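Numbering (my numbering), first residue to last: 7 to 292.
Notes for the one structure printed next.
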(Lines of atoms letter the chains of each structure in order from A and count residues from 1; the text may use other names and numbers.)
(Lines give C-alpha, C1' and ligand atoms only; values in the text may rest on other atoms or scores of the structure.)
Protein backbone atom coordinates (compact mmCIF):
# COMPACT_ATOMS: atom_id res chain seq x y z
CA UNK A 1 0.00 0.00 0.00
CA UNK A 2 1.21 3.52 -0.82
CA UNK A 3 -0.24 6.31 1.30
CA UNK A 4 0.09 10.03 0.66
CA UNK A 5 0.21 12.50 3.55
CA UNK A 6 0.10 16.24 2.88
CA UNK A 7 2.57 18.46 4.73
CA UNK A 8 2.71 22.25 4.83
CA UNK A 9 6.21 23.47 4.10
CA UNK A 10 7.92 26.84 4.40
CA UNK A 11 5.81 29.70 3.11
CA UNK A 12 2.74 27.47 2.99
CA UNK A 13 4.00 25.29 0.13
CA UNK A 14 2.07 22.02 -0.13
CA UNK A 15 4.38 19.02 0.13
CA UNK A 16 3.51 15.39 -0.59
CA UNK A 17 4.93 12.80 1.81
CA UNK A 18 4.62 9.09 1.09
CA UNK A 19 4.55 5.88 3.09
CA UNK A 20 5.25 2.80 0.97
CA UNK A 21 3.74 0.36 3.46
CA UNK A 22 0.54 -0.24 5.37
CA UNK A 23 -0.03 2.51 7.94
CA UNK A 24 1.03 1.64 11.50
CA UNK A 25 -1.63 0.03 13.63
CA UNK A 26 -3.24 2.06 16.38
CA UNK A 27 -0.68 2.88 19.05
CA UNK A 28 2.30 1.68 17.02
CA UNK A 29 3.32 5.01 15.49
CA UNK A 30 4.67 6.44 18.73
CA UNK A 31 6.75 3.31 19.37
CA UNK A 32 8.24 2.96 15.89
CA UNK A 33 11.51 4.81 15.18
CA UNK A 34 11.00 7.44 12.49
CA UNK A 35 12.93 7.77 9.24
CA UNK A 36 12.63 10.58 6.68
CA UNK A 37 14.01 9.92 3.19
CA UNK A 38 15.09 12.90 1.09
CA UNK A 39 15.73 12.47 -2.65
CA UNK A 40 18.28 14.42 -4.67
CA UNK A 41 17.87 17.14 -7.27
CA UNK A 42 15.32 16.06 -9.93
CA UNK A 43 14.36 13.02 -7.86
CA UNK A 44 11.09 12.10 -6.21
CA UNK A 45 9.88 10.11 -3.23
CA UNK A 46 9.17 7.01 -5.33
CA UNK A 47 12.89 6.56 -5.91
CA UNK A 48 13.03 5.49 -2.26
CA UNK A 49 10.20 2.94 -2.55
CA UNK A 50 12.43 -0.14 -2.22
CA UNK A 51 14.36 1.30 0.71
CA UNK A 52 11.19 2.55 2.43
CA UNK A 53 9.44 -0.84 2.17
CA UNK A 54 12.50 -2.55 3.62
CA UNK A 55 12.75 -0.04 6.46
CA UNK A 56 9.03 -0.27 7.23
CA UNK A 57 9.45 -3.79 8.57
CA UNK A 58 10.71 -2.27 11.83
CA UNK A 59 10.49 1.50 11.41
CA UNK A 60 8.11 4.18 10.25
CA UNK A 61 9.69 5.31 6.98
CA UNK A 62 8.35 8.31 5.09
CA UNK A 63 9.72 9.72 1.82
CA UNK A 64 9.18 13.36 0.92
CA UNK A 65 8.61 14.93 -2.49
CA UNK A 66 10.59 18.11 -1.97
CA UNK A 67 9.38 21.46 -3.31
CA UNK A 68 9.50 21.65 -7.09
CA UNK A 69 9.65 17.85 -7.33
CA UNK A 70 7.21 14.97 -7.70
CA UNK A 71 3.68 15.86 -6.62
CA UNK A 72 4.69 18.64 -4.25
CA UNK A 73 4.03 22.29 -4.94
CA UNK A 74 6.14 24.13 -7.47
CA UNK A 75 6.29 27.74 -6.26
CA UNK A 76 7.77 30.66 -8.20
CA UNK A 77 11.43 30.46 -9.09
CA UNK A 78 12.61 32.63 -6.21
CA UNK A 79 11.43 30.17 -3.55
CA UNK A 80 14.14 27.52 -3.86
CA UNK A 81 16.69 28.60 -1.27
CA UNK A 82 18.65 26.28 1.00
CA UNK A 83 16.63 27.64 3.89
CA UNK A 84 13.38 26.70 2.14
CA UNK A 85 14.47 23.09 1.67
CA UNK A 86 15.74 22.81 5.25
CA UNK A 87 12.57 24.36 6.68
CA UNK A 88 10.44 22.02 4.57
CA UNK A 89 12.24 18.96 5.96
CA UNK A 90 11.95 20.34 9.49
CA UNK A 91 8.20 20.85 8.99
CA UNK A 92 7.82 17.30 7.67
CA UNK A 93 9.60 15.79 10.69
CA UNK A 94 7.46 17.77 13.12
CA UNK A 95 4.10 17.42 11.37
CA UNK A 96 4.56 13.70 10.78
CA UNK A 97 5.67 13.07 14.36
CA UNK A 98 8.95 11.41 13.32
CA UNK A 99 11.32 12.99 15.85
CA UNK A 100 13.85 12.00 16.94
CA UNK A 101 14.29 11.03 13.30
CA UNK A 102 16.92 9.33 11.22
CA UNK A 103 17.45 11.33 8.04
CA UNK A 104 18.53 9.45 4.93
CA UNK A 105 19.44 11.73 2.05
CA UNK A 106 20.77 11.31 -1.46
CA UNK A 107 22.85 14.06 -3.10
CA UNK A 108 21.06 17.40 -2.56
CA UNK A 109 18.73 15.64 -0.12
CA UNK A 110 21.78 14.57 1.89
CA UNK A 111 22.94 18.18 2.10
CA UNK A 112 19.49 19.19 3.35
CA UNK A 113 19.67 16.37 5.88
CA UNK A 114 22.99 17.37 7.40
CA UNK A 115 22.05 21.05 7.40
CA UNK A 116 18.86 20.21 9.30
CA UNK A 117 20.82 18.00 11.70
CA UNK A 118 23.17 20.92 12.37
CA UNK A 119 20.27 23.35 12.84
CA UNK A 120 17.99 21.13 14.96
CA UNK A 121 20.02 18.48 16.81
CA UNK A 122 17.02 17.92 19.05
CA UNK A 123 15.05 16.51 16.09
CA UNK A 124 17.68 14.15 14.62
CA UNK A 125 19.02 10.93 16.11
CA UNK A 126 21.06 9.79 13.09
CA UNK A 127 22.04 10.69 9.55
CA UNK A 128 22.89 8.80 6.35
CA UNK A 129 24.64 10.84 3.64
CA UNK A 130 24.57 9.19 0.20
CA UNK A 131 26.97 10.46 -2.48
CA UNK A 132 27.01 14.19 -1.68
CA UNK A 133 30.18 16.26 -1.66
CA UNK A 134 30.95 18.83 1.05
CA UNK A 135 33.32 20.79 -1.19
CA UNK A 136 32.26 23.59 -3.53
CA UNK A 137 31.63 22.47 -7.12
CA UNK A 138 31.90 25.91 -8.68
CA UNK A 139 30.72 27.87 -11.69
CA UNK A 140 32.04 25.39 -14.26
CA UNK A 141 29.85 22.67 -12.78
CA UNK A 142 26.77 24.89 -12.98
CA UNK A 143 27.50 25.70 -16.63
CA UNK A 144 27.83 21.99 -17.38
CA UNK A 145 24.40 21.40 -15.89
CA UNK A 146 22.86 24.26 -17.88
CA UNK A 147 24.27 22.79 -21.09
CA UNK A 148 23.18 19.30 -20.10
CA UNK A 149 19.56 20.36 -19.65
CA UNK A 150 19.68 22.00 -23.09
CA UNK A 151 20.85 18.72 -24.62
CA UNK A 152 17.73 16.79 -23.56
CA UNK A 153 15.74 15.86 -26.70
CA UNK A 154 12.39 17.04 -25.33
CA UNK A 155 9.70 15.96 -25.67
CA UNK A 156 10.35 12.23 -25.63
CA UNK A 157 7.92 10.29 -27.80
CA UNK A 158 7.67 7.32 -25.41
CA UNK A 159 8.91 6.19 -22.00
CA UNK A 160 11.08 3.68 -23.83
CA UNK A 161 12.80 6.64 -25.48
CA UNK A 162 13.35 8.19 -22.05
CA UNK A 163 14.94 5.00 -20.73
CA UNK A 164 17.16 4.64 -23.79
CA UNK A 165 18.39 8.23 -23.82
CA UNK A 166 19.22 8.48 -20.13
CA UNK A 167 20.46 4.90 -19.95
CA UNK A 168 22.54 4.84 -23.16
CA UNK A 169 22.56 7.97 -25.35
CA UNK A 170 23.05 10.75 -22.81
CA UNK A 171 26.63 12.06 -23.28
CA UNK A 172 27.09 11.86 -19.50
CA UNK A 173 26.64 8.06 -19.61
CA UNK A 174 29.99 6.25 -19.76
CA UNK A 175 28.47 2.81 -20.34
CA UNK A 176 24.88 1.52 -20.68
CA UNK A 177 23.02 1.86 -17.40
CA UNK A 178 19.40 0.61 -17.44
CA UNK A 179 18.89 1.66 -13.80
CA UNK A 180 19.68 5.27 -14.72
CA UNK A 181 17.17 5.10 -17.56
CA UNK A 182 14.52 3.78 -15.19
CA UNK A 183 15.37 6.48 -12.64
CA UNK A 184 14.64 9.27 -15.12
CA UNK A 185 11.56 7.53 -16.52
CA UNK A 186 10.04 7.94 -13.03
CA UNK A 187 10.29 11.73 -13.24
CA UNK A 188 8.52 12.05 -16.59
CA UNK A 189 4.85 12.74 -17.20
CA UNK A 190 2.88 12.49 -20.43
CA UNK A 191 1.82 15.80 -21.98
CA UNK A 192 0.02 16.71 -25.20
CA UNK A 193 3.21 16.51 -27.27
CA UNK A 194 5.03 13.67 -25.52
CA UNK A 195 6.87 12.94 -22.27
CA UNK A 196 8.40 15.79 -20.26
CA UNK A 197 9.88 16.07 -16.74
CA UNK A 198 7.50 16.76 -13.86
CA UNK A 199 9.84 19.56 -12.76
CA UNK A 200 10.96 22.75 -14.48
CA UNK A 201 14.66 22.56 -15.41
CA UNK A 202 15.00 26.28 -14.67
CA UNK A 203 13.82 25.69 -11.12
CA UNK A 204 16.29 22.84 -10.71
CA UNK A 205 19.12 25.17 -11.74
CA UNK A 206 17.79 27.75 -9.28
CA UNK A 207 17.85 25.14 -6.53
CA UNK A 208 21.34 24.00 -7.43
CA UNK A 209 22.88 27.45 -7.60
CA UNK A 210 22.04 28.04 -3.94
CA UNK A 211 24.62 25.45 -2.85
CA UNK A 212 26.94 24.65 -5.74
CA UNK A 213 29.25 27.64 -5.20
CA UNK A 214 29.77 27.05 -1.47
CA UNK A 215 31.59 24.48 0.63
CA UNK A 216 29.60 22.88 3.46
CA UNK A 217 32.29 21.58 5.80
CA UNK A 218 31.36 23.94 8.65
CA UNK A 219 27.80 22.65 8.85
CA UNK A 220 29.07 19.08 8.58
CA UNK A 221 31.24 19.68 11.65
CA UNK A 222 28.16 20.88 13.55
CA UNK A 223 26.31 17.55 13.17
CA UNK A 224 26.26 16.03 16.65
CA UNK A 225 24.41 12.77 15.93
CA UNK A 226 25.97 9.59 14.51
CA UNK A 227 26.39 9.94 10.75
CA UNK A 228 27.20 7.48 7.98
CA UNK A 229 28.84 8.69 4.77
CA UNK A 230 28.03 6.31 1.89
CA UNK A 231 29.47 6.46 -1.60
CA UNK A 232 28.92 4.47 -4.74
CA UNK A 233 32.36 3.26 -5.78
CA UNK A 234 31.82 4.78 -9.23
CA UNK A 235 29.83 7.77 -7.98
CA UNK A 236 30.56 11.49 -7.73
CA UNK A 237 31.89 11.46 -4.17
CA UNK A 238 35.53 10.33 -4.20
CA UNK A 239 36.97 8.10 -1.49
CA UNK A 240 39.41 10.75 -0.21
CA UNK A 241 36.70 13.38 0.20
CA UNK A 242 34.30 10.88 1.75
CA UNK A 243 36.89 9.88 4.33
CA UNK A 244 37.64 13.54 5.09
CA UNK A 245 33.91 14.07 5.64
CA UNK A 246 33.94 11.18 8.11
CA UNK A 247 36.90 12.79 9.88
CA UNK A 248 35.15 16.18 10.10
CA UNK A 249 31.90 14.69 11.42
CA UNK A 250 32.05 14.41 15.23
CA UNK A 251 30.59 10.88 15.05
CA UNK A 252 31.22 9.86 11.45
CA UNK A 253 31.35 6.41 9.88
CA UNK A 254 32.06 5.26 6.33
CA UNK A 255 30.53 2.73 3.93
CA UNK A 256 30.59 2.16 0.20
CA UNK A 257 28.42 0.37 -2.33
CA UNK A 258 30.35 -1.71 -4.89
CA UNK A 259 29.43 -1.67 -8.59
CA UNK A 260 27.29 1.45 -8.04
CA UNK A 261 27.42 4.99 -9.33
CA UNK A 262 25.86 8.20 -8.08
CA UNK A 263 22.44 6.53 -7.77
CA UNK A 264 23.76 3.90 -5.38
CA UNK A 265 20.45 3.26 -3.62
CA UNK A 266 18.75 2.80 -6.99
CA UNK A 267 21.59 1.09 -8.91
CA UNK A 268 22.26 -1.61 -6.34
CA UNK A 269 19.41 -1.77 -3.80
CA UNK A 270 20.56 -4.96 -2.08
CA UNK A 271 24.17 -3.79 -1.71
CA UNK A 272 22.89 -0.39 -0.54
CA UNK A 273 20.79 -2.02 2.17
CA UNK A 274 23.75 -4.13 3.26
CA UNK A 275 25.91 -1.01 3.51
CA UNK A 276 23.54 0.94 5.75
CA UNK A 277 21.89 -1.82 7.78
CA UNK A 278 24.58 -2.19 10.51
CA UNK A 279 24.55 1.57 11.11
CA UNK A 280 20.75 1.72 11.27
CA UNK A 281 20.55 -1.28 13.55
CA UNK A 282 22.79 0.54 15.99
CA UNK A 283 20.36 3.48 16.01
CA UNK A 284 16.91 2.14 15.35
CA UNK A 285 16.42 -1.09 17.23
CA UNK A 286 12.94 -0.60 18.67
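Glycine included, C-beta positions come from ideal geometry on N, C-alpha and C.
Being a predicted model, the structure only gives us computed values, none of them experimental.
Among the options, which has the Cα closest to the Cα of residue i?
{"i": "residue 128", "options": "281, 107 and 139", "result": "107"}
{"i": "residue 197", "options": "62, 164 and 116", "result": "164"}
{"i": "residue 54", "options": "283, 14, 73 and 110", "result": "110"}
{"i": "residue 173", "options": "157, 156 and 191", "result": "191"}
{"i": "residue 181", "options": "159, 76, 267 and 93", "result": "267"}
{"i": "residue 258", "options": "188, 239 and 233", "result": "233"}
{"i": "residue 136", "options": "18, 252, 184 and 7", "result": "252"}
{"i": "residue 124", "options": "215, 200, 224 and 242", "result": "224"}
{"i": "residue 140", "options": "99, 221, 19 and 27", "result": "221"}
{"i": "residue 183", "options": "236, 217, 240 and 255", "result": "240"}
{"i": "residue 48", "options": "63, 279, 194 and 96", "result": "194"}
{"i": "residue 122", "options": "150, 229, 283 and 80", "result": "229"}
{"i": "residue 189", "options": "168, 175 and 281", "result": "168"}
{"i": "residue 13", "options": "112, 171 and 79", "result": "79"}
Examine chain D for any beta-carbon lying closer than 9 Å to the beta-carbon of residue i, and answer yes or no.
{"i": "residue 19", "result": "Any reference to chain D falls outside this structure, which holds one protein chain only."}
What did DSSP end up calling residue i once you bin it into helix, strand or coil?
{"i": "residue 149", "result": "helix"}
{"i": "residue 99", "result": "helix"}
{"i": "residue 54", "result": "helix"}
{"i": "residue 143", "result": "coil"}
{"i": "residue 16", "result": "helix"}
{"i": "residue 197", "result": "strand"}
{"i": "residue 203", "result": "strand"}
{"i": "residue 172", "result": "helix"}
Hey, would you say residue i sits closer than 9 Å to residue j, going by beta carbons?
{"i": "residue 213", "j": "residue 114", "result": "yes"}
{"i": "residue 89", "j": "residue 146", "result": "no"}
{"i": "residue 231", "j": "residue 131", "result": "yes"}
{"i": "residue 118", "j": "residue 271", "result": "no"}
{"i": "residue 161", "j": "residue 187", "result": "no"}
{"i": "residue 75", "j": "residue 59", "result": "no"}
{"i": "residue 269", "j": "residue 238", "result": "yes"}
{"i": "residue 178", "j": "residue 154", "result": "yes"}
Around the Cβ of residue i, are there at least 16 other Cβ atoms within 10 angstroms (buried) or fewer (exposed)?
{"i": "residue 67", "result": "buried"}
{"i": "residue 273", "result": "buried"}
{"i": "residue 103", "result": "exposed"}
{"i": "residue 82", "result": "exposed"}
{"i": "residue 144", "result": "exposed"}
Every unbroken alpha helix (DSSP H) within the region 205 to 271, with a cutoff of 4 residues, ordered by chain: 207 to 215, 223 to 227 and 245 to 254
Whole runs of the alpha helix (DSSP H) within the region 72 to 137, excluding any shorter than 4 residues: 88 to 101 and 114 to 125
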